[in-house]
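Protein chains in written order, with our numbering: chain A, 1 to 242; chain B, 1 to 324.
Beta carbons: idealized from backbone N, C-alpha and C, even for Gly.
Below is one structure, written out as C-alpha cells; the observations come after it.
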Ligand SMILES: Nc1ncnc2c1ncn2[C@@H]1O[C@H](COP(=O)(O)OP(=O)(O)OP(=O)(O)O)[C@@H](O)[C@H]1O
Ligand SMILES: [Mg+2]
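Put into C-alpha cells, the structure is as follows:
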C-alpha cells in the first residue's frame, strides 16, 4: 500500500563523529502539509534536516520520500527528487550575484521570467540588488534570497532551518507570506522554527524534539490552544514571543 | 573578482615601473617581455592547480609532473616533425606547435583523468595523505620519465620563423615569446569567459565557495571535479609543451622545479582564484626575469620574498575567494 506520508523517518539515528546525536527519530509529513519542527537549542533539529538531505548519513533507521529510500542516496540525488533545502546558515554564495544565486536554484531550463516575477513580488528589495554579490546583502535580504532560491523551481518539498533567526518583524512577515504562498501552491514544507509566532502563523502540524528524539506530535492548533503543553514542551507559551 | 578590488591588479604595472630604474631601457624591455611571457606560461600550468584546490580542497603536488610529461611529449613530437619546425613559414611552425601542444594536452588530460580515479579520489578531505601521496607520485612520475625518455636532457630547436627577435628601442623581444604570451592570454580569457558566462562555470565558482551547498542544490560536484581535474592537467601539459619550446631543453627534473613556482603562484593569487593566479603568475614571471638578470643567485629567493610580501599585505592572497 502506498505510504500516505510524503516524507517518513523511522527510527533514524545519526552520529556526528563520535557523538550520537539522533536517537531514533520518527516523523511523518503528509503531502501538501506544513510541519513545524520545534525544540530547544541543541535538540537535534538541524541534524534531522541535514540527515534528510544526506549531508549527515543516518547510522540506523529509514528515511523515505515519495517512495525512494533517501538513506541510500547522496545529497545531489536527494535534491533532484524535488527537495529544496535552506540551511540555518542560508547557504548563499557570497561572491556570486543575487541573480547567479537564484540561477543555481533552477534546473537546466534556467530562470523562468514568471518565477523571477513571483520571487520579486514577494521580495521587491531583491530587484534593486540584482547584480550585487549576495555577500553585500543585509541579513534579512539574504534570507529572502535563500528562500527565493528555493522557489525558482517547482519543488515537491521545502526544508527550511530557522529562517526567522535574527530578523526584524517586518522581514519575518515577508517570509511568512512567501512560505504561505508556497504552501498554497501545494509544496510540502518542513520548517524548523524557534519563533513561536511564525510557527503559529504557518503550521499545520507540529513535532517537538528533545535530546535527539521526537517527544510530541500533534496539530499546531492544538498546541497553540494548550498553554500548559507549550510550557511543558517548549518552556514558553504563545503569547510570550510576540 | 570582486568589484572595488583593484589594488592587486596594480601590482603588475607597479613592479614593471619599479624595475625600470634598476637597468637600462633595452634590458628592461627584453626582460619585461620575457617575464610576461613566462608568466603567461606559468598561468597555463597553474590555473588547473588553483581550481583543483578551490573546488575539492585537494593539494596536488603531482601537478608539476603533468607539466613535465607535457614537455617531454612535446619534445618527442618535435623530434618527429623536423620539417615543420625548420620550415621558414609561420604556418608550418604553428602547425608543429599545435601538434606538440595538442598531443601534450590530450595525453596529460587523459593521464589526469586516470590519476584522479586511481589516486586523488582515495584521499579526499585528508590533506596530510594528499601531500604524502602526491609528493610520492611526483617522484614516481619523474622516474617514469627517465625510463621513457632517458636520463639526458632533450633539446628542441626554436621554430624557424619564431626564433628571431623584434628589436624595439634597442631591446630584443623573441617572437616565440609573443606566441607563448598570446596563448596564455587566450587561455586566461577563455577560462574567465567559461567561469563567468556558462552554467558549468557558475557551478564551479559556487563549488569553490561552498561545495556542500552546491551538492544540496542537486549538482554533482565530484563529477564536475573530475572534469576540472582533466582540464587542469591538460592545461598543465599544454603549458609544459610551450615551456619546452620556450626553454629549448627538457629535463626529468623540470616538473619538480616548476612545482615550487606553481605553488608560489597560486598562493600569491589566493588559492582557488583563477584571476588571482593570473596576477601571481605575471609577478613571478617578472621577478624571476628581473632578479635573474640583476642577481642570478637570488632568483628563487626573490620569489619566496615576493610571496612573503604579498601574504603580509594580503594574508589570503591577492584576490582571495569568498568562502561561506
Ligand atoms: N558538527 C558537529 N559536531 C559535533 N556535534 C555536533 C555537530 N553539530 C551538532 N552537534 C551537536 O548535536 C546536537 C544537536 O545539534 P543541532 O544543531 O541539530 O541542534 P538544533 O536543534 O538545530 O539546535 P539550534 O536550535 O541551536 O539550532 C547538539 O548537542 C550539538 O552540539
Ligand atoms: Mg539548528
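DSSP state of residue i mapped onto helix, strand, coil
i              : result
residue 256(A) : Examination of residue 256(A) is not possible in this model, given that chain A is present from 1 through 242 alone.
residue 46(A)  : helix
residue 116(B) : helix
residue 27(B)  : helix
residue 290(B) : helix
residue 53(B)  : helix
residue 112(A) : coil
residue 275(B) : helix
residue 161(B) : helix
residue 124(B) : coil
residue 152(A) : coil
residue 2(B)   : Summary for residue 2(B): the model assigns pLDDT 47, below 50, so the residue's position carries little reliability; its value from the coordinates is reported in the next sentence. Here residue 2(B) sits in coil by DSSP.
residue 53(A)  : coil
residue 4(A)   : coil
residue 62(A)  : strand
residue 69(A)  : strand
residue 22(A)  : strand
residue 238(B) : helix
residue 321(B) : coil
residue 173(A) : helix
Test: residue i CB closer than 9 Å to a CB of chain B
i              : result
residue 93(A)  : yes
residue 105(A) : yes
residue 69(A)  : no
residue 161(A) : no
residue 220(A) : no
residue 110(A) : yes
residue 100(A) : yes
residue 80(A)  : yes
residue 55(A)  : yes
residue 37(A)  : no
residue 9(A)   : no
residue 122(A) : no
residue 158(A) : no
residue 4(A)   : no
residue 191(A) : no
residue 96(A)  : yes
residue 74(A)  : yes
9 Å Cβ cutoff, residue i in contact with chain A
i              : result
residue 126(B) : no
residue 274(B) : no
residue 199(B) : yes
residue 210(B) : yes
residue 218(B) : yes
residue 215(B) : yes
residue 206(B) : yes
residue 51(B)  : no
residue 321(B) : yes
residue 228(B) : no
residue 221(B) : yes
heavy atom of ligand 1 below 8 Å from residue i C-beta
i              : result
residue 192(A) : yes
residue 44(A)  : yes
residue 212(A) : yes
residue 128(A) : no
residue 212(B) : no
residue 16(A)  : yes
residue 209(A) : yes
residue 88(A)  : yes
residue 21(A)  : yes
residue 195(A) : no
residue 40(A)  : yes
residue 48(A)  : yes
Own chain partners of residue i with C-beta closer than 8 Å, once the 5 adjacent residues on each side are dropped
i              : result
residue 126(A) : 98, 119, 120, 141, 144, 145 and 148
residue 279(B) : 8, 9, 11, 12, 268, 269, 318 and 319
residue 99(B)  : 77, 81 and 84
residue 112(A) : 106 and 152
Neighbourhood of residue i by C-beta distance below 7 Å, restricted to the same chain and skipping five residues each side
i              : result
residue 1(B)   : Bear in mind that the predicted position of residue 1(B) carries a pLDDT of just 43, short of 50, making it unreliable; the figure below should be weighed with that in mind. These residues qualify, in order along the chain: 275 and 319.
residue 139(A) : 166 and 167
residue 325(B) : Since the first residue of chain B shown is 1 and the last is 324, residue 325(B) is not available in this structure.
residue 267(B) : 307 and 317
residue 92(B)  : 84
residue 228(B) : 51, 52, 55 and 204
Any non-hydrogen atom of ligand 2 within 8 Å of residue i CB
i              : result
residue 161(A) : yes
Residues near residue i in its chain [Cβ-Cβ closer than 6 Å; skip 5 each side]
i              : result
residue 151(B) : none
residue 21(A)  : 14, 44, 47 and 212
Where residue i meets chain D, residues with beta-carbon distance less than 7 Å
i              : result
residue 202(B) : No chain D appears in this structure, whose protein chains are A and B.
| said: Short of 8 Å Cβ to Cβ, which residues in the region 15-35 of chain A face chain B? | reply: none
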